[in-house]
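*Asks:* Below you will find the structure I want to go over with you.
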Amino acid sequence: MHQESANFHSNTTKRNKKHQKQKNDKIFPK
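full-length UniProt numbering numbers the first residue of the sequence shown as 1 and each following residue consecutively.
Below, the structure written as structure tokens:
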């Protein structure tokens with residue numbers, strides 16, 4: 001169970017990073 005929550009946390013972090021990157025791409029278009 002602890003392992004699952006750790007996995008969930010890392011997945012959430014990855015999703016947030018991806019979302020943050022998309023936001024940054026909108027603010028600073030390449």
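Just so it is clear, CB atoms sit at the ideal spot from N, CA and C, and this is done for glycine as well.
1) What does the alpha-carbon distance come out to for the pair K26 and Q20?
2) Going by DSSP in three states, F28 sits in which element: helix, strand or coil?
3) To the nearest angstrom, how far is the alpha carbon of Q22 from that of T13?
*Replies:* With the given structure in hand:
1) K26 and Q20 have their C-alpha atoms spaced approximately 10 Å apart.
2) Coil.
3) Computed Cα separation, rounded: 14 Å.
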